[in-house]
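Okay, structure first, notes after.
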Amino acid sequence: MKSWGAWLRRVLNANVVGFGGKICGEFLMADTMLAFLKAEYEATPEHDALVAKLDAINQADPEAQADPHFFDEFIEKWDRGEYHD
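Residue numbers for the sequence shown follow my numbering, so the first one is 1004 and each next one is one higher.
Quick look at the structure:
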């Protein structure tokens, strides 16, 4: 089973992971964190574009956030089933 923690690191270059304590057991959290810590960011044009969009949100870029189609390309890929574990 692939870990979503590793996916966060590989695809989004994440440096933080949060858990819902009432819905995740300690062993699942431990396994996820180990996978997260071992994973490294895989720079691809698609990953870099997604990270740039997330950075725009983080920087409160009003122009980017005002675009109603800000995440359309990624939502379309989700709908097609391109994102999976």
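From the three backbone atoms N, C-alpha and C, an ideal C-beta is built for every residue, glycine too.
Nothing here was measured: the structure is a model prediction, and the numbers come from that model.
Practice task
Can you grab the Cα-Cα spacing for the pair Phe-1030 / Arg-1012, in whole Å?
Solution key: 19 Å
Exercise for the section: Can you tell me which of the three DSSP states Asn-1016 falls into? Expected result: Here Asn-1016 sits in coil by DSSP.
Problem - Proximity to Phe-1074 [Cα-Cα], best of Glu-1045, Gly-1023, Ala-1052 and Pro-1065 - result: Ala-1052
Practice task
Identify which residue in Gly-1023, Gly-1008 and Phe-1077 has its Cα closest to the Cα of Val-1054.
Solution key: Distance check between Val-1054 and each of Gly-1023, Gly-1008 and Phe-1077 places Phe-1077 closest, using alpha-carbon atoms only.
Exercise for the section: Could you tell me the distance, in whole angstroms, from the CA atom of Gly-1023 to the CA atom of Ala-1033? Expected result: 13 Å
Problem - Cα-Cα separation between Ala-1059 and Cys-1027, rounded to whole angstroms - result: Each residue's alpha carbon lies about 30 Å from the other.
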